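Here our numbering = 1-based position in the sequence shown + 417. Beta carbons: idealized from backbone N, C-alpha and C, even for Gly. Just so it is clear, the structure is predicted and the values come from calculations on it, not from any experiment.
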Amino acid sequence: MPSYKEHVLAAIIMVFPFFQDVFYIALAVIGASMIDMDHQVNQKNITIVGLLGIILALILYILHLPYLVGILIAVMALLFYLSEHRGFMHSLLGIIFISACVGFFVLGAYTLMTDYGISLKITLIVISLILGIVILNKKLVPIYAFIIILALLFTSNQVFNTYYVFIALLIGAISHLILDLFTKAGVELLSPITSQKFHKLAGFTLLGLYLGAVMVSVVMYGNHFMWF
């Protein structure tokens with residue numbers, strides 16, 4: 418079974434052709450790590466995520482902002498709590514749902530902080546740190562936090578884009594699935610439609626689709642790849 422370090426490395430490698438901005442690379446790392454929150458050892462973190470969702474929903478409701486963001490986070494936490502490891506949350510539908518929920522959290526936090534005049538740089542740092550502390554393996558958090566703070570403080574021309582957020586999270590999640598598909602246990606890739614386990618063939622298929630997307634972006638955008 419791949420370790421959290423291998424999942425993080427795979428996420429960085431797979432997202433880099435599309436995003437070189439450290440914020441979106443960080444989101445890919447989050448995307449690769451958040452899927453394993455369906456493991457029993459992460460139930461405490463899931464409880465924290467659920468509470469954050471409820472608190473965010475209340476704050477956004479009071480401020481007449483889209484409080485559905487917080488509700489989605491709370492629902493996601495509930496599904497993680499109820500799911501078996503490598504079940505629905507490791508499926509294609511699951512990672513799309515998770516990426517959307519975390520993406521909405523990022524959007525909600527961004528909207529809330531920028532509405533109060535907080536700079537984009539500080540906003541991105543805070544969002545990255547919250548996600549890292551709640552989702553990442555505790556051994557990884559200090560290194561992650563140091564790199565994020567340092568990189569974002571000294572990076573200019575930062576851009577926030579909702580679509581980029583979702584795509585970076587999704588790429589990270591897909592990288593996780595690909596690694597898990599090459600293990601003996603396999604993955605219920607099409608859950609809840611079927612509980613069938615998929616293995617290496619599905620892994621090669623997803624990897625081929627990813628490489629195809631990279632090639633298309635190179636052909637269309639040259640050395641600038643897809644977004645930059």
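- Inter-segment contact for the segment 588-601 and the segment 425-432 is present: three or more beta-carbon pairs are separated by less than 8 angstroms.
- Below 8 angstroms, enough C-beta pairs join the segment 562-577 and the segment 537-546 to call them touching: three or more.
- The three-state secondary structure of V576, taken from DSSP, is coil.
- With a 10 Å radius around the Cβ and a threshold of 16 neighbouring Cβ atoms, V633 comes out exposed.
- A distance below 6 angstroms between beta-carbons, with the five flanking residues on each side excluded, links F599 to the following residues of its chain, in chain order: K617 and G620.
- Residue state for F436 is assigned as coil, using DSSP reduced to three classes.
- The C-alpha of F615 is placed about 41 angstroms away from the C-alpha of L482.
- Per DSSP, the unbroken alpha helix (DSSP H) holding I539 starts and ends at L537 to I552.
- Annotation for M493: the continuous alpha helix (DSSP H) segment containing it runs L485 to L499.
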